[in-house]
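Here the structure comes first, spelled out in structure tokens, and everything after it is commentary.
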Amino acid sequence: MSDTARFPDLHDKMDALIATARRCFERGLQTNAGGNLSVRLEAGDAIVIKPSGVGFAECARDNLQVVLLDGTIMPGAEGLKPSKDLDFHLDLYRIRDDINAIVHCHSPWATGYASAGLEIPCLTVQTIEKIGRMPLIPLSANGGPQTEVEISPVFRNTAIRAAVLANHGTIGVGKTLMAAQYLAEIIEETAHIAYVRDTLMAAHGKTVADLPRYGTAADAAKDRVPV
Ligand SMILES: [Zn+2]
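At the far end of the sequence shown sits residue 328, using the working numbering, and the numbering has no gaps.
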């Protein structure tokens with residue numbers, strides 16, 4: 102059976118992944134051949150993923166890999182090695198059926214925070230309400246990059262949609278590729294905002310106690326006095 106007979110949405114999903122990868126590259130969230138992104142096929146038990154050594158701007162139908170959730174790599178994309186992060190992608194799809202797409206990149210502002218051992222604070226009302234928290238996941242105990250051993254326990258909490266990997270990069274997950282890409286952008290934007298805030302506070306001698314306290318819409322609703 103051909104791949105498109107088994108997975109009728111294969112070409113649509115490949116094209117969506119190619120477009121998302123190009124957007125990620127053009128926004129400067131991922132240069133060179135690092136990072137990776139994947140999308141679940143409608144069959145549910147298989148994904149399309151960018152292999153190792155292919156840049157986000159160079160993704161094409163003939164260099165993407167189809168991998169079953171049990172780890173079986175389907176024929177195609179000859180001569181290319183699977184992504185080093187394939188195992189954590191597969192595990193996230195296995196443990197969360199609400200995840201249909203993952204964008205993992207090494208965007209510089211967010212990775213700067215991650216390399217300083219700092220969790221990126223959700224500062225804006227949008228990020229407080231829509232994301233809540235972006236946990237910082239430490240390096241593997243053996244000193245290597247994070248694997249499913251460190252990443253999956255964090256994402257078992259179904260409220261978690263974004264996380265940052267110490268000394269490594271970011272992960273955004275979503276129901277669609279665009280939703281996961283938006284998270285990759287919000288993580289980076291939030292790190293940039295946090296850096297500007299912290300720099301200005303330091304320059305002006307301000308502390309957290311000087312900041313205005315503003316709440317979310319949920320806080321406002323809670324405090325509202327019924328009439
Ligand atoms: Zn990476």
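The beta carbon of each residue, even a glycine, is placed where N, CA and C say it ideally should be. Bear in mind the structure is a predicted one, so any value in this text is a computation, not a measurement.
query: Ligand 1 heavy atoms versus the CB of residue 270: any closer than 6 angstroms?; result: yes
query: On the three-state DSSP scale, how would you describe residue 169?; result: strand
query: What's the call for residue 212, buried or exposed, on a 16-neighbour Cβ count within 10 Å?; result: buried
query: Have a look at residue 253 and residue 159 and give me their C-alpha separation to the nearest angstrom.; result: 29 angstroms
query: Between the C-alpha atoms of residue 123 and residue 184, what's the straight-line distance to the nearest angstrom?; result: 18 angstroms
query: Determine the closest residue to residue 128 out of 237, 207, 323, with distance taken between C-alpha atoms.; result: 207
query: Starting from residue 223, trace the alpha helix (DSSP H) in both directions and tell me its first and last residue.; result: First-last for residue 223: undefined, no H or E at that position.
query: Determine which residues share a DSSP beta bridge with residue 137 and list them.; result: 205
query: Taking the DSSP output, what are the residues bridged to residue 265?; result: 237, 271
query: Would you kindly report the start and end of the unbroken alpha helix (DSSP H) that includes residue 119?; result: 111 to 127
query: For chain D, check one thing: does any of its Cβ atoms lie closer than 7 angstroms to the Cβ of residue 171?; result: As a matter of chain content, chain D is missing from the structure shown, which is built from one protein chain.
query: When the Cβ atoms of the segment 244 to 263 are set against those of the segment 224 to 234, are three or more pairs found closer than 8 angstroms?; result: yes
query: Buried or exposed: residue 303, going by 16 or more other Cβ atoms within 10 Å of its Cβ?; result: exposed
query: With H, G and I counted as helix, E and B as strand and the rest as coil, what does DSSP make of residue 199?; result: coil
query: Quick one: give me the first and last residue of the alpha helix (DSSP H) that residue 148 is part of.; result: No alpha helix (DSSP H) contains residue 148, which is instead part of the beta strand (DSSP E) from 147 to 150.
query: From which residue to which residue does the alpha helix (DSSP H) around residue 282 run?; result: 278 to 304
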